[in-house]
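As they're listed, the protein sequences go chains C and Y.
To convert, note that position 240 of the first sequence is 240 in my numbering; the numbers rise steadily by one, no gaps.
To convert, note that position 72 of the second sequence is 347 in my numbering; the numbers rise steadily by one, no gaps.
Please read the structure below before turning to the comments.
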Amino acid sequence: MPRIQRYYTIMGWIAVAYMAVLFLYPLLRVLVESLTDDGAFSFQNYADFFAGKVYLEVLGRTLWISVVSTVIALVLGYSLAYFIATRSARSQGLWLMFVLAPMFMSLTVRLFGWMILLGGEGPINSFLTGLNPDWELSLLFNTTAVILGIVHYILPFAALNIYTSLKKMDAAVLEASTMLGASSARTFWRVTFPLSLPGVFAGASVAFALSANTFLVPIMLGGPSNQMLSNMAYDSIVKIGNFGLGSAISILLLIVVVLALSMIGRLEKGGRHAE
Amino acid sequence: MKAKWISLVALMIAAVSVLSACGGNSSSNNGQASGGAAQSQELVVTSFGGTYDEAFAKYVIEPFEAANPGVKVTLAPYTGVTKLAQGGGEKIDIVQLDDFDLIEAGNQGLLSELAQDQFSNWSNLYPQAILNGNESKTYGLVNVFGAWGIAYNPDKAEAPTSWNDLWNPEVKGKVALMSQWIPDILLTAKAVGADYENMDPVWTAFKELTPSVAQYYSSFSAPESLFGTGAVTMAAWFDGRATAMKEAGKSVEFVIPEEGGVLIRSGLGILKDSANQELAAKLIDFTLTAEAQQGFAQDLFYGPTNKTVELDAELQQKVVYGEEGLANLLAPEWNELLPKREEWLTKWTEATTR
Numbered sequence: 001m002p003r004i005q006r007y008y009t010i011m012g013w014i015a016v017a018y019m020a021v022l023f024l025y026p027l028l029r030v031l032v033e034s035l036t037d038d039g040a041f042s043f044q045n046y047a048d049f050f051a052g053k054v055y056l057e058v059l060g061r062t063l064w065i066s067v068v069s070t071v072i073a074l075v076l077g078y079s080l081a082y083f084i085a086t087r088s089a090r091s092q093g094l095w096l097m098f099v100l101a102p103m104f105m106s107l108t109v110r111l112f113g114w115m116i117l118l119g120g121e122g123p124i125n126s127f128l129t130g131l132n133p134d135w136e137l138s139l140l141f142n143t144t145a146v147i148l149g150i151v152h153y154i155l156p157f158a159a160l161n162i163y164t165s166l167k168k169m170d171a172a173v174l175e176a177s178t179m180l181g182a183s184s185a186r187t188f189w190r191v192t193f194p195l196s197l198p199g200v201f202a203g204a205s206v207a208f209a210l211s212a213n214t215f216l217v218p219i220m221l222g223g224p225s226n227q228m229l230s231n232m233a234y235d236s237i238v239k240i241g242n243f244g245l246g247s248a249i250s251i252l253l254l255i256v257v258v259l260a261l262s263m264i265g266r267l268e269k270g271g272r273h274a275e
Numbered sequence: 276m277k278a279k280w281i282s283l284v285a286l287m288i289a290a291v292s293v294l295s296a297c298g299g300n301s302s303s304n305n306g307q308a309s310g311g312a313a314q315s316q317e318l319v320v321t322s323f324g325g326t327y328d329e330a331f332a333k334y335v336i337e338p339f340e341a342a343n344p345g346v347k348v349t350l351a352p353y354t355g356v357t358k359l360a361q362g363g364g365e366k367i368d369i370v371q372l373d374d375f376d377l378i379e380a381g382n383q384g385l386l387s388e389l390a391q392d393q394f395s396n397w398s399n400l401y402p403q404a405i406l407n408g409n410e411s412k413t414y415g416l417v418n419v420f421g422a423w424g425i426a427y428n429p430d431k432a433e434a435p436t437s438w439n440d441l442w443n444p445e446v447k448g449k450v451a452l453m454s455q456w457i458p459d460i461l462l463t464a465k466a467v468g469a470d471y472e473n474m475d476p477v478w479t480a481f482k483e484l485t486p487s488v489a490q491y492y493s494s495f496s497a498p499e500s501l502f503g504t505g506a507v508t509m510a511a512w513f514d515g516r517a518t519a520m521k522e523a524g525k526s527v528e529f530v531i532p533e534e535g536g537v538l539i540r541s542g543l544g545i546l547k548d549s550a551n552q553e554l555a556a557k558l559i560d561f562t563l564t565a566e567a568q569q570g571f572a573q574d575l576f577y578g579p580t581n582k583t584v585e586l587d588a589e590l591q592q593k594v595v596y597g598e599e600g601l602a603n604l605l606a607p608e609w610n611e612l613l614p615k616r617e618e619w620l621t622k623w624t625e626a627t628t629r
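So this is what it looks like as structure tokens:
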């Protein structure tokens, strides 16, 4: 084996060992915990999950909010990525910094910013009540606020993935399309967009996984009817002390996310066949 | 192929032995520290953060270190019972927790039993300040009292008189209660006249209340920003934080409803595995002195748990003070309530998460 390859093989195995010890092992523990009740093997925790209607309801809500947030983030993210990819090479770096900058700050602080912005005495409401005192809107603690917060959180991930695939595109292909007489709209829909799909799917996967596991946004911007499944898992384990149920919730959330991601993956493959 | 497996196994063994070596090191360090009292000793105390830590440093750590040369007290982040039970207390000597958590941790066998002769201030404490677990074993001593009641914005709402005022349509959408919080459940039980054996009316009441709740908040400090941004006008909260906010010039008032309030207690316990049992007891004794408790009342508006503390008339009105102050506050019987906790909180979650 050439030296460099051996080096990478060893590094690879170290990474695998790291994953096994620090990621797979805890995950396995959670799985075992979810299948344990009073020290014996049992499906009781899963039975509790499906018996208490509230958990299924929250699961449905989590999926719904994640799908909506992901779609919004993809539309916004695509526009943003396209905008940046078509700037001059020199200014692209600056624009990317602009997209990334919020991620340098803790999400808690950014969400607190949203609380101030949307609050009863925030700028939006001050403006409205200035026009008419009865126009105060409740902008906080509802589904819209939660979706707004999640989109804010996942947008950079979606935009960067799409940007990367737009950048990888061969300029000659676009040139060919234009030279063969296609309008710019036709070039975009028949050439640019299909070629950027891998980035869209990658962005969708990351955005969906992050949304479905959101914990902080519902706590800060949501009301009682906006709690998501991660919040219920946390409450079960940390506040109520029911490890089994909390673990079962976590495992079910994981399964649902994996299923959704494999669906996205299948969509991507299906799209390739059509090409 | 075979060689690959061998190298993988070797790596795993290496990783595991490194991890266990780290664990081994720290415990042997602890052992050394307990050996020589004259050498420099460290005492690790978990705390709540923010202004509480400042007061704790000023009124407890400074005088304690001055009285015990060579001892260094370090504050560690808040560590709950769940984490302690999972072995998260390995490097901690003293935990500061709410009353129910101290009792729970004690009953789980995580804390040392405390004896009266270790504490010079014990006999001056109110009976509510001594936290007993099962079989009347004492696991924690309370250094600050607070009152759980209703805080409201006087510019936007009439002063509430009853716990039921949280259900008032005038404050619809502008109410906050704490999430998974037994004191809120106890006061609701009192307001609807439910007894602890049949709590169904309480869950019904929470179902009715939920549409008018802006947020079930998760941390004691959350109402500060909720009131600050005008997101809520009424919240179940406790006196210390509300008074501090009012003193800072914000429109917030605090009342104890006619049903009474709940006595909020925070105290200290010693971890069973700590190598510094004696020293830890000494530090807890320092939190119970009249001087320290006066400081906590002045700076944070927490009520003293030591009967000998004298506060000036103005401050007496702002904190839980004396027998009268304690009289209209319910001190929950946690040993009876803790077994119901899991069921109650699950029911609460199901009633409020719709």
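From the three backbone atoms N, C-alpha and C, an ideal C-beta is built for every residue, glycine too.
Given the structure is predicted, the values throughout are model-derived calculations rather than measurements.
Chain-ordered neighbours of residue i on chain C, where CB pairs are closer than 7 Å
| i | result |
| --- | --- |
| Gly355 of chain Y | Val238 |
| Gln383 of chain Y | By Cβ distance, chain C contributes nothing, its closest Cβ being about 10 Å from Gln383 of chain Y, past 7 Å. |
| Glu625 of chain Y | Gly52, Val54 |
| Gly505 of chain Y | Gly119, Gly120, Glu121 |
Chain C residues whose Cβ lies nearer than 9 Å to that of residue i
| i | result |
| --- | --- |
| Thr479 of chain Y | Neighbours of Thr479 of chain Y on chain C: none; closest Cβ ~15 Å, over 9 Å. |
Contact under 8 Å by Cβ, residue i with residue j
| i | j | result |
| --- | --- | --- |
| Thr508 of chain Y | Asn610 of chain Y | no |
| Pro476 of chain Y | Ala469 of chain Y | yes |
| Gly222 of chain C | Gly505 of chain Y | no |
| Thr485 of chain Y | Pro224 of chain C | yes |
| Glu617 of chain Y | Asn242 of chain C | yes |
| Arg540 of chain Y | Asp374 of chain Y | yes |
| Ala426 of chain Y | Phe529 of chain Y | yes |
| Arg61 of chain C | Met263 of chain C | no |
| Ser211 of chain C | Ser69 of chain C | yes |
| Leu386 of chain Y | Ala380 of chain Y | yes |
| Phe571 of chain Y | Val467 of chain Y | no |
| Asn581 of chain Y | Leu563 of chain Y | yes |
| His152 of chain C | Arg110 of chain C | yes |
| Glu534 of chain Y | Lys465 of chain Y | yes |
| Gly355 of chain Y | Ile378 of chain Y | no |
| Phe513 of chain Y | Gly421 of chain Y | yes |
| Leu63 of chain C | Val256 of chain C | yes |
| Pro532 of chain Y | Pro435 of chain Y | yes |
Beta carbon proximity, residue i to chain Y, threshold 8 Å
| i | result |
| --- | --- |
| Gln5 of chain C | no |
| Ser34 of chain C | no |
| Val217 of chain C | no |
| Ile116 of chain C | yes |
| Pro26 of chain C | no |
| Asn242 of chain C | yes |
Interface partners of residue i on chain Y, CB under 8 Å
| i | result |
| --- | --- |
| Ser66 of chain C | Result: empty, since nearest Cβ-Cβ is about 17 Å, beyond 8 Å. |
Beta carbon proximity, residue i to chain C, threshold 8 Å
| i | result |
| --- | --- |
| Ala351 of chain Y | no |
| Tyr491 of chain Y | yes |
| Arg516 of chain Y | no |
| Glu365 of chain Y | no |
| Gly448 of chain Y | yes |
| Thr621 of chain Y | yes |
| Glu617 of chain Y | yes |
| Thr562 of chain Y | no |
| Thr628 of chain Y | yes |
| Val488 of chain Y | yes |
7 Å Cβ shell around residue i - same chain, five flanking residues per side excluded
| i | result |
| --- | --- |
| Leu96 of chain C | Ile84 |
| Thr627 of chain Y | Phe481, Thr485, Tyr491 |
| Ile405 of chain Y | Thr413, Leu416 |
| Tyr234 of chain C | Phe215 |
| Ala606 of chain Y | Gln403, Leu538 |
Residues of its chain near residue i, where Cβ-Cβ distance is below 8 Å and the 5 sequence neighbours each way are ignored
| i | result |
| --- | --- |
| Leu128 of chain C | Trp135, Glu136, Leu137 |
| Val16 of chain C | none |
| Leu400 of chain Y | Leu416, Val417, Leu563, Thr580, Asn581, Lys582 |
6 Å Cβ shell around residue i - same chain, five flanking residues per side excluded
| i | result |
| --- | --- |
| Ala158 of chain C | Ala73, Leu74, Gly77, Gly203, Ala207 |
| Gln455 of chain Y | Leu620 |
| Tyr46 of chain C | Ala248 |
Closer than 7 Å: residue i CB and nearest the ligand ATP heavy atom
| i | result |
| --- | --- |
| Phe243 of chain C | The model on display carries no ligand, and the ligand ATP is accordingly not part of it. |
Interface residues of chain C facing residue i [CB-CB closer than 8 Å]
| i | result |
| --- | --- |
| Ser437 of chain Y | Ordered by position in chain C, no residue passes the 8 Å Cβ test against Ser437 of chain Y, which lies about 22 Å from the chain. |
| Ser500 of chain Y | Phe112, Met115 |
Interface partners of residue i on chain Y, CB under 7 Å
| i | result |
| --- | --- |
| Val58 of chain C | Thr628 |
- Would you check if there are 3 or more beta carbon pairs closer than 8 Å linking the region 594 to 603 of chain Y to the region 612 to 627 of chain Y? no
- Count the C-beta pairs between the region 315 to 326 of chain Y and the region 349 to 357 of chain Y that are closer than 8 Å, then say yes if the count reaches three, no if not. yes
- Count the C-beta pairs between the region 144 to 154 of chain C and the region 178 to 188 of chain C that are closer than 8 Å, then say yes if the count reaches three, no if not. no
- Message: With three or more beta-carbon pairs closer than 8 Å as the criterion, would you say the region 543 to 563 of chain Y touches the region 325 to 345 of chain Y?
- Response: yes
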